[in-house]
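Novice:
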Amino acid sequence: MSSNLVVLVIALVLVSGLIALLWRGQGGPTASTVKLSLSNIFTMDLSLSPANTAKAEEAALEATKVKGQGAVRPDLTSIGSTTALARVLWVDDIPENNIFETLALERLGKLVTVATSTEMARIYLSRLEFAVVITDLHRDGDPRAGADFIHETRAAGNDIPLLVYTSNAETAQADEQLVAEADAVVDAPEDLLKAVEAHVVKRHIE
1 MSSNLVVLVI ALVLVSGLIA LLWRGQGGPT ASTVKLSLSN IFTMDLSLSP ANTAKAEEAA
61 LEATKVKGQG AVRPDLTSIG STTALARVLW VDDIPENNIF ETLALERLGK LVTVATSTEM
121 ARIYLSRLEF AVVITDLHRD GDPRAGADFI HETRAAGNDI PLLVYTSNAE TAQADEQLVA
181 EADAVVDAPE DLLKAVEAHV VKRHIE
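Heads up: the sequence shown begins at 1 in the UniProt record's numbering, then just goes up one per residue.
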């Protein structure tokens, strides 16, 4: 968890305690308590400072360089100053390839959970709530692993946003079924971050 999110959680705990003290000070029952669940946290708005966005851009730039896509600094200012705290499930058998993209997402208030196999992803999806799922296409020697996972998820009636992050989006988009079932197919870090943010905000509003 990033330092900004740690500060946020601590602040929420302090606010909860303050509310309880004020309630008791106003003559409320001495046994009264204020509880804050994780589900409540993931429905809250989150303010992004210019520093948050700048650090996310720096991480995205590093990711762009690693992918050999040049050295043009991504522009994430369109995300704005308000977002939503959210869980993101990232399915990839080589998660270390996504370290800078993960750092950028964390800077933007997204808690990334990594699953290195489809089976792990199934377990996470069955037991935790996520705002978005990111998946690669090739896993453990199977070039259809990501596409099959997306098809399986949709066939089960799950409408969670599914984003494909691959090395060549143009090639992947030749798969008509994949394009129909996935919410986005991207290969650039900037496009991935913006797609995640757009779908998180959309679900947050709904």
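For every residue, glycine included, the Cβ atom is placed at its ideal position computed from N, Cα and C. In this text the structure is predicted, and so the values were computed from the model without any measurement.
In the DSSP assignment, find the beta strand (DSSP E) that holds A84 and state where it starts and stops.
Specialist: Position 84 of the sequence shown, counted from the start, is the residue given in the question as residue 84. 82–84 is the extent of the beta strand (DSSP E) around A84.
Novice: Can you tell me which of the three DSSP states L128 falls into?
Specialist: Position 128 of the sequence shown, counting from 1, holds the residue named residue 128. Three-state DSSP puts L128 in coil, outside helix and strand.
Novice: Taking the beta carbon of Q26 as the centre, do at least 16 other beta carbons fall within 10 Å, making it buried, or is it exposed?
Specialist: Taking the sequence shown and counting its residues from 1, the one referred to as residue 26 is at position 26. With a pLDDT of 44 at Q26, under the threshold of 50, the modelled position of that residue is not reliable, and no figure is offered here.
Novice: Of the residues V185, D148, E190, which one's Cα is nearest the Cα of R73?
Specialist: As a first step, residue 73 is located in the sequence shown; it is residue number 73 there, counting from the start. Comparing Cα-Cα distances from R73 to each of V185, D148, E190, the minimum goes to E190.
Novice: Judging by CA-CA distance, which residue of D93, V133, M120, A71 is the nearest neighbour of A188?
Specialist: The count along the sequence shown starts at 1 and reaches residue 188 at position 188. Among D93, V133, M120, A71, the Cα nearest to that of A188 belongs to A71.
Novice: Does the structure place the stretch 94–114 close enough to the stretch 140–150 that three or more beta carbon pairs sit under 8 angstroms?
Specialist: no
Novice: Helix, strand or coil for S3? Go by DSSP, reduced to three states.
Specialist: Position 3 of the sequence shown, counting from 1, holds the residue named residue 3. For S3, the predicted model reports a pLDDT of 48, less than 50, meaning its position is unreliable; a value from the coordinates is still stated below. In the structure shown, S3 sits in a helix (DSSP, three-state: H, G or I).
Novice: When DSSP builds the beta bridges, which residues end up paired with V186?
Specialist: As a working mapping, residue 186 is identified with position 186 in the sequence shown. Beta-bridge pairing links V186 to Y165.
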